[in-house]
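*Asks:*
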Amino acid sequence: MKSLIHSSLTLARASIDDLLSSETSLQTIDKIIMLFVDTFKNGGKIIVCGNGGSCCDAMHFAEEFTGRFNKSRSPLPVLALADPSHITCVGNDYGFDSIFSRGVEAFGNENDVFLALTTSGNSQNIINAFKEAKAKNMNTVVFNGKTGGLLKGLPDFELIIPGKSSDRIQEVHMLVLHSIIEQVEYVLFPNL
475 MKSLIHSSLT LARASIDDLL SSETSLQTID KIIMLFVDTF KNGGKIIVCG
525 NGGSCCDAMH FAEEFTGRFN KSRSPLPVLA LADPSHITCV GNDYGFDSIF
575 SRGVEAFGNE NDVFLALTTS GNSQNIINAF KEAKAKNMNT VVFNGKTGGL
625 LKGLPDFELI IPGKSSDRIQ EVHMLVLHSI IEQVEYVLFP NL
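First residue of the sequence shown? That's 475 in my numbering, and the numbers climb one at a time after it.
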């Protein structure tokens with residue numbers, strides 16, 4: 475049992491070390507932070523989505539902004555497209571491939587950011603939401619994994635975690651998302 479835990483944590487550490495050794499990835503994260511800061515300053519919001527565990531990460535990301543992270547501050551507008559009634563209604567009436575794009579169509583504006591969390595870059599519902607965000611002239615950010623899949627090279631900003639397993643990719647995604655939230659709070663609320 476102990477060896478399995480050690481192996482799992484060693485793989486997680488290797489994924490983080492890979493990210494830290496990539497100057498390009500670190501620069502991309504800095505650019506994403508400033509995009510989010512500018513979006514909030516200009517009255518925009520972030521719309522985020524993902525499937526499975528990435529959907530849970532999307533909700534977690536949203537609640538850290540609408541609730542609090544490290545600072546007691548005003549809430550910031552982040553919307554996770556994860557409402558079960560919306561997902562089941564749209565999935566039933568239009569198909570699963572439309573569950574996120576309909577939300578982007580309903581809530582997205584030109585001064586907003588679309589953030590997709592995906593471990594493959596190949597899920598059709600994420601791709602359709604991305605296309606809808608592009609059609610609305612939204613800034614697009616994709617946290618991706620493995621080789622980047624069909625979305626590779628398409629968003630304004632992309633962070634690809636080159637892992638083999640979805641769990642390691644999602645762990646790094648969440649670590650980066652927490653770091654981004656921390657920095658956004660620091661920039662927007664320096665005196666708290």
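Heads up, the beta-carbon is just placed ideally off N, CA and C, and yes, glycines get one too. None of these values were measured; they are calculated from a predicted model.
For LEU625, which three-state DSSP category applies?
*Replies:* Working through the sequence shown from its first residue, we reach residue 625 at position 151. Residue state, collapsed to three classes: helix.
*Asks:* In chain order, what are the residue ranges of uninterrupted beta strand (DSSP E) at least 3 long that sit wholly in the segment 578-645?
*Replies:* Entirely contained in the segment 578-645, the beta strand (DSSP E) runs reaching 3 residues are, in chain order, 587-591, 613-619 and 631-635.
*Asks:* Going by C-alpha distance, which of PHE574, VAL615, ASP586 and LYS610 is nearest ASN599?
*Replies:* Position 125 of the sequence shown, counted from the first residue, corresponds to residue 599. Nearest of PHE574, VAL615, ASP586 and LYS610 to ASN599, Cα basis: PHE574.
*Asks:* As a quick exercise: from LEU666, ASN665 and GLN657, pick the residue whose alpha carbon is nearest that of ASP512.
*Replies:* On the sequence shown, position 38 is the one that residue 512 refers to. When only C-alpha atoms are compared, the closest one is GLN657.
*Asks:* For a quick check, are the C-beta atoms of PRO429 and THR614 less than 8 Å apart?
*Replies:* Absent from the model: residue 429. The displayed extent of the chain is 475 to 666, so no value can be given.
*Asks:* Just the C-alpha distance for SER477 and ASP531, rounded to the nearest angstrom, thanks.
*Replies:* Taking the first residue of the sequence shown as 1, we reach residue 477 at position 3. Taking the first residue of the sequence shown as 1, we reach residue 531 at position 57. Near 28 Å, if we compare the C-alpha coordinates of ASP531 and SER477.
*Asks:* Throw me the rounded Cβ distance for the GLY623 and ASN596 pair, which I believe falls under 8 Å.
*Replies:* Position 149 of the sequence shown holds residue 623. Position 122 of the sequence shown holds residue 596. GLY623 to ASN596, Cβ: 4 Å. Contact.
*Asks:* Just to confirm, are GLU659 and ARG547 a CB contact at a threshold of 8 Å?
*Replies:* Numbered from its first residue, the sequence shown carries residue 659 at position 185. Numbered from its first residue, the sequence shown carries residue 547 at position 73. The answer is yes: Cβ separation under 8 Å.
*Asks:* Does the beta-carbon of GLN644, which I'm using as the reference point, lie nearer than 7 Å to any heavy atom of the ligand GDP?
*Replies:* Here there are no bound small molecules, and the ligand GDP is not part of this structure.
*Asks:* Grab me the residues of GLY565's own chain with a C-beta within less than 7 Å of its C-beta, minus the 5 sequence neighbours each way, in chain order.
*Replies:* The residue labelled residue 565 in the question sits at position 91 within the sequence shown. Cβ within range, chain order: ILE573.
*Asks:* If you follow the beta strand (DSSP E) that GLY518 is part of, which residue opens it and which one closes it?
*Replies:* Within the sequence shown, residue 518 is the residue found at index 44, counting from 1. Segment: none, GLY518 is in no beta strand (DSSP E) and carries neither H nor E.
*Asks:* Classify ALA554 as helix, strand or coil using the three-state DSSP reduction.
*Replies:* Counting from one through the sequence shown, the residue named residue 554 turns up at place 80. In this structure, ALA554 counts as strand in the three-state DSSP scheme.
*Asks:* For ILE655, which residues in the same chain have their Cβ closer than 7 Å to its Cβ, ignoring the five residues on either side in sequence?
*Replies:* Locating residue 655 in the sequence shown gives position 181, counting from the first residue. Here the set comprises GLU538, PHE539 and PHE543.
*Asks:* Would the beta-carbon of VAL661 fall within 8 Å of that of ILE503?
*Replies:* Here residue 661 refers to the residue found at position 187 of the sequence shown. Here residue 503 refers to the residue found at position 29 of the sequence shown. For VAL661 and ILE503, no; Cβs fall outside 8 Å.
*Asks:* DSSP three-state label for GLY524, please.
*Replies:* Here residue 524 corresponds to residue number 50 of the sequence shown, with the count starting at 1. Reduced to three states, the DSSP call for GLY524 is strand.
*Asks:* Comparing C-alpha positions only, which one of LEU553, ASN516, GLU645 and THR592 sits nearest to ASP491?
*Replies:* Start at 1 with the first residue of the sequence shown, and residue 491 comes out as number 17. Of LEU553, ASN516, GLU645 and THR592, the residue nearest in Cα terms is GLU645.
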